[in-house]
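Step one of this worksheet: look at the structure below.
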Amino acid sequence: MDYILGYREVIPDQTLPEKWKEIILNTGGSQSTLQDIKVPERAGGYSYKNPSKYITRNRFIYWRITHDVIELVEESLDINLINNRVRYKFTDTPILDGISIHETSEIVIILIITVSSIHKLSFTHPNKTYKEEQTAVSHVDRTMQSIFSEASIHKARDPHTFYIIPSSGSTNPPVAHAGSSCLTVHRDKAVFALAYNSGVILVLRLDIVTGTVNFSELKQESTVPRFLSGIATAFRSRTLENEIATSLVLHTHNNNVYLFAISRGGYLRMWSCNEAQYVTGIDLAINNRDSIRNIQNCLLKNPVILHHEIYLCTYIKYITGCEFVILKIVEDAGFLKFIRHCTIRALDQHLVDYSFSETRIWALWRTTEVDAIAVNHIGLPLQSADRNSEWEPVVLIQSSDRDYVISDGSSIDPRQAYIDYIFHPGKFSLKDIIRALSIYRKLNHLGDMHLSPTALKEKVCMAVEAEIQNEVMDYELMDEDYLEIVNRCWSKFYSCVLQYHINKSRPVGLLLLPDVLGVVLLKKSSFSLLRPMEVIEHMMLCNENTHFTRFNISPALSQDENICQDLITLTSALTYLEQRMTDDVKSNFEKQLYYLKSPDIIVDNLLELLLDTDEFTDLDFKSGLLHKLENIKDIASAMAMLLEVMTYNLSQSTPSKLRTSDVIDKTTLANSDFLFGSDLGTSTIAESVTQIAVLRFSMCRNLLVLQNIILSRSEILDSYSLHTIKSSLAPRTVVLTQAYYVIMWISETSTSVVPSQSLV
Numbered sequence: 001m002d003y004i005l006g007y008r009e010v011i012p013d014q015t016l017p018e019k020w021k022e023i024i025l026n027t028g029g030s031q032s033t034l035q036d037i038k039v040p041e042r043a044g045g046y047s048y049k050n051p052s053k054y055i056t057r058n059r060f061i062y063w064r065i066t067h068d069v070i071e072l073v074e075e076s077l078d079i080n081l082i083n084n085r086v087r088y089k090f091t092d093t094p095i096l097d098g099i100s101i102h103e104t105s106e107i108v109i110i111l112i113i114t115v116s117s118i119h120k121l122s123f124t125h126p127n128k129t130y131k132e133e134q135t136a137v138s139h140v141d142r143t144m145q146s147i148f149s150e151a152s153i154h155k156a157r158d159p160h161t162f163y164i165i166p167s168s169g170s171t172n173p174p175v176a177h178a179g180s181s182c183l184t185v186h187r188d189k190a191v192f193a194l195a196y197n198s199g200v201i202l203v204l205r206l207d208i209v210t211g212t213v214n215f216s217e218l219k220q221e222s223t224v225p226r227f228l229s230g231i232a233t234a235f236r237s238r239t240l241e242n243e244i245a246t247s248l249v250l251h252t253h254n255n256n257v258y259l260f261a262i263s264r265g266g267y268l269r270m271w272s273c274n275e276a277q278y279v280t281g282i283d284l285a286i287n288n289r290d291s292i293r294n295i296q297n298c299l300l301k302n303p304v305i306l307h308h309e310i311y312l313c314t315y316i317k318y319i320t321g322c323e324f325v326i327l328k329i330v331e332d333a334g335f336l337k338f339i340r341h342c343t344i345r346a347l348d349q350h351l352v353d354y355s356f357s358e359t360r361i362w363a364l365w366r367t368t369e370v371d372a373i374a375v376n377h378i379g380l381p382l383q384s385a386d387r388n389s390e391w392e393p394v395v396l397i398q399s400s401d402r403d404y405v406i407s408d409g410s411s412i413d414p415r416q417a418y419i420d421y422i423f424h425p426g427k428f429s430l431k432d433i434i435r436a437l438s439i440y441r442k443l444n445h446l447g448d449m450h451l452s453p454t455a456l457k458e459k460v461c462m463a464v465e466a467e468i469q470n471e472v473m474d475y476e477l478m479d480e481d482y483l484e485i486v487n488r489c490w491s492k493f494y495s496c497v498l499q500y501h502i503n504k505s506r507p508v509g510l511l512l513l514p515d516v517l518g519v520v521l522l523k524k525s526s527f528s529l530l531r532p533m534e535v536i537e538h539m540m541l542c543n544e545n546t547h548f549t550r551f552n553i554s555p556a557l558s559q560d561e562n563i564c565q566d567l568i569t570l571t572s573a574l575t576y577l578e579q580r581m582t583d584d585v586k587s588n589f590e591k592q593l594y595y596l597k598s599p600d601i602i603v604d605n606l607l608e609l610l611l612d613t614d615e616f617t618d619l620d621f622k623s624g625l626l627h628k629l630e631n632i633k634d635i636a637s638a639m640a641m642l643l644e645v646m647t648y649n650l651s652q653s654t655p656s657k658l659r660t661s662d663v664i665d666k667t668t669l670a671n672s673d674f675l676f677g678s679d680l681g682t683s684t685i686a687e688s689v690t691q692i693a694v695l696r697f698s699m700c701r702n703l704l705v706l707q708n709i710i711l712s713r714s715e716i717l718d719s720y721s722l723h724t725i726k727s728s729l730a731p732r733t734v735v736l737t738q739a740y741y742v743i744m745w746i747s748e749t750s751t752s753v754v755p756s757q758s759l760v
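Numbering (UniProt numbering), first residue to last: 1 to 760.
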């Protein structure tokens with residue numbers, strides 16, 4: 001998957017109540033076991049392989065691990081899935097980060113590893129539940145059962161599907177701290193690998209049909225000659241800790257199962273699990289050998305197969321920085337060995353997760369800023385050692401306002417304002433609001449977790465109103481004092497919701513969706529999507545990192561390189577203006593548009609106020625803006641190109657009529673009809689349209705302001721450019737500003753209907 005214009009986060013609506021199926025298993029764990037190992041919260045997922053049918057296209061499974069609990073959720077952007085959430089609790093037995101999901105023609109298999117057991121969960125493949133005859137072009141049923149509707153405690157306790165690893169019987173038996181799993185090429189055995197602090201790696205093979213288990217141990221291979229073995233033994237106690245595997249990956253290739261393990265000292269080893277033999281190894285930290293203790297963390301991900309060649313990506317964190325090392329596995333004189341393909345320096349931050357594909361590395365970081373995260377990606381031309389690309393940031397949605405304040409003089413009822421803001425689709429989940437309500441009311445228990453939005457609104461209003469009455473008591477207050485109390489009580493409840501939401505929105509993993517060139521950003525109790533940006537978004541949000549060559553995919557922008565470069569500089573000036581405008585100025589502009597004032601008249605009045613503010617009278621701002629304008633060779637053509645790109649011309653965009661009987665069969669048409677047809681998919685498209693509309697409206701507004709600044713300073717440009725702006729470009733900008741305001745207003749306005757007798 002690859003896309004050159006960058007990515008932007010979009011959060012689909014996930015506010016509806018969640019229904020979970022709970023399954024509790026006892027696998028012989030104990031509380032002491034739980035205390036011995038601390039497993040970090042992890043998340044991952046799997047995207048179905050067949051994109052040709054809507055039943056599996058844009059469909060994925062993701063999981064979250066929290067100590068001894070794993071949550072499995074199946075989602076689809078095309079169809080609604082019911083009974084799609086199941087939660088397994090392995091009592092007092094922490095789950096290791098080695099989950100894998102596999103498809104056969106008949107079933108979907110999920111392999112799970114705990115510190116003391118292995119498990120195989122099987123579910124009927126969606127294709128088996130899909131009935132071709134039910135698909136009709138005229139009517140499409142967009143709802144079906146998830147594969148997890150089959151989940152049951154009876155199936156999970158089937159002795160053929162799990163195996164409890166026997167302990168050594170010692171007082172302090174070794175505990176596994178890392179694991180991996182996979183299916184063999186013939187899909188007849190599930191293979192599990194567990195790494196122990198003793199340096200041993202245990203490999204177990206679970207027969208899919210009979211449930212029988214065979215296991216073997218993989219130990220470190222010594223390359224020291226026999227006559228030096230005594231010296232090697234003497235030094236072994238010092239180096240043992242650095243030889244312990246910290247991350248494992250199992251991979252099938254040519255009927256063999258290979259295990260890759262990276263040690264704390266940065267040494268990568270490869271074993272053949274079929275023969276239980278060491279194959280090869282490489283010291284990844286050989287260029288950073290000042291001290292082995294410099295290494296703080298190492299991590300492996302599943303390899304990538306490209307043109308029958310295996311590529312492996314490893315991450316190493318040093319005290320002084322971190323890097324990704326791409327390795328290629330080659331055959332030399334009948335033996336396999338590692339070749340270092342390239343080394344990529346990365347952010348010196350805390351890595352949460354990363355994904356490796358044929359074209360890119362995606363990395364999720366926790367930065368040094370409080371509650372701040374970052375997602376970056378970098379291109380990988382694996383067919384060549386040359387790499388000219390750089391790390392590019394994903395445009396993430398900023399955290400909600402920590403203080404939602406109703407502007408002074410507003411005629412909006414505080415209760416209505418806060419309710420509309422808190423319950424806006426996609427803003428907060430109902431679960432977060434319910435938990436925040438319990439905190440607000442100082443309750444030790446949670447209320448009904450399956451309340452409808454309307455019922456929950458009523459409970460919230462009653463709770464806040466009770467708090468208001470408790471503060472007001474029987475005092476006689478002025479209106480201003482009463483409103484201050486009302487605002488304070490609602491602000492307090494909003495803070496509870498926000499605090500809980502921020503905690504549960506912390507990202508813990510990544511999942512690639514190759515069908516839509518997207519990525520799922522998995523969080524503690526929700527997820528968001530990283531979608532490709534369109535050209536205007538990229539130009540506005542990634543202006544400093546863009547170049548003309550990126551816009552070859554846009555016919556309007558690729559016609560003239562010089563004008564396109566001018567447009568990039570013009571966009572930089574518009575971004576510069578955006579940063580200087582206060583929120584009050586922006587909201588005032590929108591408010592006057594709402595009351596049908598013409599944008600050019602609003603800007604005329606607005607400009608008089610702006611030019612008196614510190615932000616616009618600052619000499620640095622004036623010189624900075626003037627410098628950007630001076631670098632634009634043909635500003636009129638640049639503005640014309642921008643307006644052309646943002647104008648949707650119906651006369652040129654009418655699709656040609658298609659004779660479906662000659663070109664597309666009915667099945668293909670039915671599949672097309674399902675595209676992004678689920679509630680999740682529709683919400684994703686709607687939120688994306690909102691983001692694009694808001695950004696384009698901002699560009700139109702800023703362009704209108706810039707045009708007025710230029711026209712008020714006639715010495716800046718030549719007479720021809722001034723005439724073109726005044727007579728042609730400014731009027732077109734006015735029309736586009738109005739059009740995008742309407743689109744923005746429609747996309748941001750909630751369509752929910754509230755009964756008149758409701759409290760809200």
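The C-beta atom is built at its ideal place from N, Cα and C for all residues, glycine as well.
In this text, all values refer to a predicted model and were calculated from it rather than measured experimentally.
Asked	Found
In chain order, each alpha helix (DSSP H) run of at least 4 residues that lies wholly inside the stretch 502-580	535-541 and 561-580
T359 in three-state terms, based on DSSP	coil
Validate contact between the stretch 243-252 and the stretch 198-206 using beta carbons, cut 8 Å, 3 pairs	yes
Distance between R85 and residue 786 (C-alpha atoms, nearest Å)	Outside the displayed range of the chain (1 to 760) lies residue 786, so it cannot be described from this structure.
V175 (DSSP reduced to helix, strand or coil)	coil
Of the listed residues Y440, N631 and M540, nearest to S491 (C-alpha basis)	Y440
Whole-angstrom distance between K219 and S229, CA atom to CA atom	Only weak support is given to the placement of S229: the predicted model assigns it a pLDDT of 41, under 50, and the value that follows is read from those uncertain coordinates. One C-alpha to the other measures close to 16 Å.
Host alpha helix (DSSP H) of T724 (start-end)	S719 to T724
Distance between S688 and E748 (C-alpha atoms, nearest Å)	11 Å
Element boundaries [beta strand (DSSP E), containing D207]	I201 to D207
For I153, three-class secondary structure by DSSP	helix
Residue range of the beta strand (DSSP E) that includes M744	Per DSSP, M744 belongs to no beta strand (DSSP E); it is in the alpha helix (DSSP H), A730 to E748.
Beta-bridge pairing of C322 - partner residues as DSSP gives them	K317
CA-to-CA distance, I419 to V10, given in whole angstroms	22 Å
For D78 and L675, believed in contact at Cβ under 8 Å, the rounded distance	6 Å
Local conformation of H160 per DSSP, three classes	helix
Other residues of its chain near F123: CB distance less than 6 Å, five sequence neighbours each side excluded	V108, I147 and E150
Cβ-Cβ separation, I468 to L451 (assumed contact under 8 Å), whole Å	Wrong, their Cβ atoms sit about 22 Å apart, outside the cutoff.
Within 8 Å, strictly: CB atoms of D68 and D97	no
Per-residue DSSP class, three states only, for W391	coil
Cβ neighbour criterion (16 or more within 10 Å) applied to N702	buried
Bounding residues of the alpha helix (DSSP H) (the contiguous stretch that carries V645)	I635 to M646
Nearest candidate by alpha-carbon position, reference I632, set S587, K442, S721 and Q559	S721
Test item: CB-CB of K195 and A261 under 8 Å	Residue 195 is actually Ala in this sequence, not Lys. Their beta carbons are under 8 Å apart, which means A195 touches A261 by this criterion.
Endpoints, alpha helix (DSSP H) assigned at I601	P599 to L610
Distance CB(Y48)-CB(E103) smaller than 8 Å	yes
Contact test: H154 Cβ vs the ligand ATP heavy atom, cutoff 7 Å	Within the structure as shown, the ligand ATP is missing, as the structure has no ligands at all.
Residues near K19 by beta carbon distance below 7 Å, same chain, minus five either side	R85
Supposed close pair F493, V464 - CB separation, criterion 8 Å	5 Å
Whether V249 touches N274 by CB criterion (8 Å)	no
Same chain, Cβ closer than 8 Å to L567, five either side skipped, listed in chain order	M539, L557, A638, M641 and L642
Residue span of the alpha helix (DSSP H) that contains R340, given as start and end	Note, R340: premise wrong, no alpha helix (DSSP H); beta strand (DSSP E) at F335 to R345.
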